Every structure is written in C-alpha cells, then in structure tokens.
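Have a look at the structure below before the remarks.
There are 2 protein chains.
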Amino acid sequence: MTKLSQSVLDILHDHRESIDRLDAILVYTLSERFRHTKAIGKLKAKNDLPPSDPDRESYQISRLEDLSDEAGLDPIFAKNLLNFIIQEVIQHHKKHKL
Amino acid sequence: MTKLSQSVLDILHDHRESIDRLDAILVYTLSERFRHTKAIGKLKAKNDLPPSDPDRESYQISRLEDLSDEAGLDPIFAKNLLNFIIQEVIQHHKKHKL
C-alpha cells in the first residue's frame, strides 16, 4: 500500500467514525421523539381528540424548511424525512389499535 | 373549555415543544452527517476508490440494530431510515456527477 493511499484511508476512517457517532445521536434522538409521539397518541385517544392536526403539521413543515435552510440541509430531503417519520408514527399507532 | 381539557392541552403543548427541539437536533445532525458523506464521496472519486463498500454497509446495518435495541427503537424502522438516508446520499452523489 502506498503512503498516499494509507493517508486517504486514514481520512476515510475518521469520517466514518464521525458518521457512526452521528448515527448514534440520530437513533437516540428518534427514540426520544417516539416517546413523545406515543404519549401524544395515548393522550389524544384518552381525551377523544382527533389523531391528526393539520395546523400543527403545517407548522412543522414550515419550521423544518427554516431549520433546513439554517443547517444547510436540502429542504426537500428534510420534508421527505419528516413524512417518512410521520408515516412510521401512524403505522405505530395503527399497530397499537389492532 | 373545561379545566381537564386545558390541562390536557398543556401536556400536549409540552410534548410538542420537546418534539420541535428534537427535530432541530435531527436536522443539524443530518446536516453534519451529509458533510462527512460528501467529503467521503469527493475523497473516493479523487482516489479512484469504489463508491460502494459492502463490508462497511454490513457493519453499519449490524451496528444500527444494536443501537436501536439499546435505545428502544424499532430496528426495522431504523434499518428503513438508514436506507432512506443512504438513497439520499446516492442521489446527491449522482446529482454532483451530472
């Protein structure tokens, strides 16, 4: 292995270590987020509140666009990701209703 | 509005505030993660390294399963989420190659 390729592999390794740490943050943050959406689901069911809230969802989408802009994240990706997570929350609620 | 429903709305509001804070963490963490995947993409292209690395991907999936287990997150959701993010990374790389 040449000196150059070893140095390239070292840089690659450092990036991957950062990605692994960031993935741990993502997993634990998502787990905490689901704790709150589960609690909201139970609270709404117990108090006969409608499960979906279009005003809240509009607010979340608009806020996510601003946050993505600030963070330099593609806003279309951020919106798709929020939809992906919301779908998971809906699936989870359905599963628990069966 | 009854006293009960006000208290319920207060609890709902608190959960939503937490979700909003957690979403900010997710957006900034993802932005940081993309910074690393972009750097890896450039590094690989510059040094003629193959863009995909099945061993690394297997490691990531297995690690994500362990992390999800520890964090109490549905491992299927975590795996789907990783695939969603990886697809975005691939799309991003394709866009920059055009």
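From first to last, the protein sequence lines stand for chains A and B.
Here the numbering used here is used: position 55 in the first sequence is 55, and no number is missing along the way.
Here the numbering used here is used: position 38 in the second sequence is 136, and no number is missing along the way.
Glycine is no exception: its CB is placed at the ideal position from the N, C-alpha and C atoms.
Everything numeric in this text was worked out from a predicted model, so none of it was measured.
Below-9 Å beta-carbon distance, residue i vs any chain A residue
i, result
"GLU155/B", "no"
"ILE184/B", "no"
"ILE188/B", "no"
"SER103/B", "yes"
Cβ separation of residue i and residue j, assumed to be a contact under 8 Å, to the nearest whole Å
i, j, result
"LEU43/A", "ASP121/B", "Wrong, their Cβ atoms sit about 19 Å apart, outside the cutoff."
"HIS36/A", "HIS113/B", "5 Å"
"VAL187/B", "ALA78/A", "VAL187/B to ALA78/A, Cβ: 14 Å. No contact."
"ILE61/A", "LEU82/A", "7 Å"
First and last residue of the uninterrupted alpha helix (DSSP H) at residue i
i, result
"ASP53/A", "No alpha helix (DSSP H) contains ASP53/A, which DSSP labels as neither H nor E."
Contact with chain E by residue i, beta-carbon distance below 9 Å
i, result
"LYS177/B", "Absent from the structure is chain E; the protein chains it does hold are A and B."
> Which residues, taken in chain order from the region 109-132 of chain B, show a beta carbon closer than 8 Å to some beta carbon of chain A?
Replying inline: So the close ones are ILE109, LEU110, HIS113, ARG114, SER116, ILE117, ASP118, LEU120, ASP121, ALA122, ILE123, LEU124, VAL125, TYR126, THR127, LEU128, SER129, GLU130, ARG131, PHE132.
>> I'd like to know if the region 17-34 of chain A and the region 49-56 of chain A are in contact, where contact means that at least 3 CB-CB pairs between them fall below 8 Å.
In response: Segment contact: the region 17-34 of chain A against the region 49-56 of chain A, fewer than three CB-CB distances shorter than 8 Å; contact not assigned.
> For the region 142-153 of chain B, which residues have a beta carbon sitting closer than 7 Å to at least one beta carbon of chain A?
Replying inline: Answer set for the region 142-153 of chain B: ASN145.
> Listed in chain order, which residues of the region 61-73 of chain A have Cβ atoms closer than 9 Å to some Cβ of chain B?
Replying inline: Sequence-ordered contacts of the region 61-73 of chain A with chain B read ARG63, LEU64, LEU67, SER68, GLU70, ALA71, GLY72, LEU73 [C-beta pairs closer than 9 Å].
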